[in-house]
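Q: The structure that follows is given in the form of structure tokens.
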Amino acid sequence: AQRVTQPEKLLSVFKGAPVELKCNYSYSGSPELFWYVQYSRQRLQLLLRHISRESIKGFTADLNKGETSFHLKKPFAQEEDSAMYYCALRGQAGTALIFGKGTTLSVSS
Amino acid sequence: GAVVSQHPSWVICKSGTSVKIECRSLDFQATTMFWYRQFPKQSLMLMATSNEGSKATYEQGVEKDKFLINHASLTLSTLTVTSAHPEDSSFYICSARDMVSGNSPLHFGNGTRLTVT
Chain A
43 AQRVTQPEKL LSVFKGAPVE LKCNYSYSGS PELFWYVQYS RQRLQLLLRH ISRESIKGFT
103 ADLNKGETSF HLKKPFAQEE DSAMYYCALR GQAGTALIFG KGTTLSVSS
Chain B
15 GAVVSQHPSW VICKSGTSVK IECRSLDFQA TTMFWYRQFP KQSLMLMATS NEGSKATYEQ
75 GVEKDKFLIN HASLTLSTLT VTSAHPEDSS FYICSARDMV SGNSPLHFGN GTRLTVT
């Protein structure tokens with residue numbers, strides 16, 4: 043079965059502190075992993091996907107197949123990073139995304 | 015960038031009535047659109063896959079006669095909640111993928127907040 047687990051409901055950090063949002067997945071094949079972000083009162087936006095291997099807004103995520111993880115990291119959090127972050131998995135191309143329950147990141151000064 | 019427009023943003027209806035939600039891809043074509051439902055402080059749950067020109071595929075536990083999906087064109091899918099009840103109150107979100115761009119990511123609408131009184 044496909045499953046995405048985000049163990050933390052809420053992560054509170056101070057501005058400038060490192061951030062790691064955890065994501066583990068369960069899938070028998072080779073999935074595609076995504077991170078989506080939802081700022082207050084806005085729609086879900088794609089933050090990054092593992093096949094792109096790019097850094098967006100200072101965030102990076104590496105797919106670790108051995109640990110079946112796709113943790114989202116940023117070395118220095120900013121207040122504007124405060125949002126809801128969803129990890130998502132897509133099994134076969136063209137199919138729907140399966141989402142984790144989301145983690146609220148709160149960055150305070 | 016690709017934009018998905020969802021309408022209405024919010025709707026309040028009486029129990030027993032039906033509500034139609036529209037999902038449009040504004041600058042791309044989508045043979046497939048997905049409908050999700052989100053309860054407060056919970057994740058997005060896939061309800062159904064909407065296929066242009068054919069029947070929708072519903073996830074287990076989703077009543078196809080209650081949540082009618084029509085995907086009449088490459089840019090429009092509609093979700094109709096029939097005979098709505100208070101337990102149908104939720105946040106409904108559609109998403110679409112640009113069919114031209116191959117394995118492109120999903121783009122999401124702004125969601126529709128449905129409240130059934």
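Quick note, the sequences are listed as chains A and B, same order. So for the first sequence, the numbering used here puts the first residue at 43; every next one is plus one. So for the second sequence, the numbering used here puts the first residue at 15; every next one is plus one. Here a beta-carbon is modelled for each residue, glycine too, at the ideal position from N, C-alpha and C.
Using the rule of at least 16 other Cβ atoms within 10 Å of the residue's Cβ for burial, across every protein chain shown, is Ala43(A) buried or exposed?
A: Ala43(A) comes out exposed.
Q: If we count the other Cβ atoms within 10 Å of its Cβ and call it buried at 16 or more, is Pro54(B) buried or exposed?
A: Exposed: under 16 other Cβ atoms inside 10 Å.
Q: Of all the residues that make up the stretch 69-95 of chain A, which are near chain B by a beta-carbon distance shorter than 7 Å?
A: Correct list: Phe76, Arg85, Leu86, Leu88 and Arg91.
Q: Measure from the C-beta of Phe122(B) to each C-beta in chain A and report whether the shortest distance is under 7 Å.
A: So, interface residue.
Q: For Lys99(A), would you say it is in contact with chain B, using Cβ-to-Cβ distances shorter than 7 Å as the test?
A: Not one chain B Cβ lies under 7 Å of Lys99(A).
Q: Are Gly144(A) and Tyr69(A) closer than 7 Å when you measure CB to CB?
A: Contact flag unset, no.
Q: Quick check on Lys143(A) - is its C-beta less than 7 Å from some C-beta in chain B?
A: Interface residue, yes.
Q: Is it true that the CB of Ala98(B) sits closer than 7 Å to the CB of Cys27(B)?
A: Result yes, Cβ atoms of Cys27(B) and Ala98(B) sit closer than 7 Å.
Q: With C-beta atoms as the reference, is Lys57(A) less than 7 Å away from Glu121(A)?
A: Yes, the pair counts as a contact, with Cβ atoms nearer than the cut-off.
Q: Contact criterion: CB-CB distance below 7 Å. Does Pro119(B) meet it with respect to chain A?
A: Yes, its Cβ sits closer than 7 Å to a Cβ of chain A.
Q: Starting from the N-terminal side, write out each stretch of the beta strand (DSSP E) that is 3 residues or longer and does not extend beyond the stretch 49-118 of chain A.
A: Qualifying beta strand (DSSP E) stretches, in chain order: 52-56, 61-63, 66-68, 74-80, 87-91 and 114-116.
Q: With distances taken from CA atoms, which of Gly123(B), Val18(B) and Ser57(B) is nearest Thr146(A)?
A: The option with the nearest alpha carbon to Thr146(A) is Ser57(B).
Q: For Gln56(B), return the contacting residues in chain A, with the cut-off set at a CB-CB distance below 7 Å.
A: Near Gln56(B) (Cβ distances below 7 Å), the residues of chain A are Lys143.
Q: If we ignore side chains and look at the alpha-carbon of each, how far apart do Ser82(A) and Glu73(B) end up?
A: Cα to Cα, the separation comes out at about 29 Å.
Q: Can at least three beta-carbon pairs, one atom from the stretch 113-131 of chain B and one from the stretch 74-89 of chain A, be found at a separation below 8 Å?
A: In short, these stretches touch, since the Cβ pair count reaches three.
Q: Can at least three beta-carbon pairs, one atom from the stretch 63-79 of chain A and one from the stretch 98-115 of chain A, be found at a separation below 8 Å?
A: The stretch 63-79 of chain A is in contact with the stretch 98-115 of chain A.
Q: What does Ala138(A) reach in chain B if we use C-beta pairs closer than 7 Å?
A: Neighbours of Ala138(A) on chain B, chain order: Phe48, Leu60 and Thr63.
Q: Would you say Leu93(B) and Ile83(B) are within 7 Å of each other, going by their C-beta atoms?
A: For Leu93(B) and Ile83(B), yes; Cβs fall inside 7 Å.
Q: Span of the beta strand (DSSP E) holding Phe105(B)?
A: Here the beta strand (DSSP E) through Phe105(B) covers Ser104 to Ala110.
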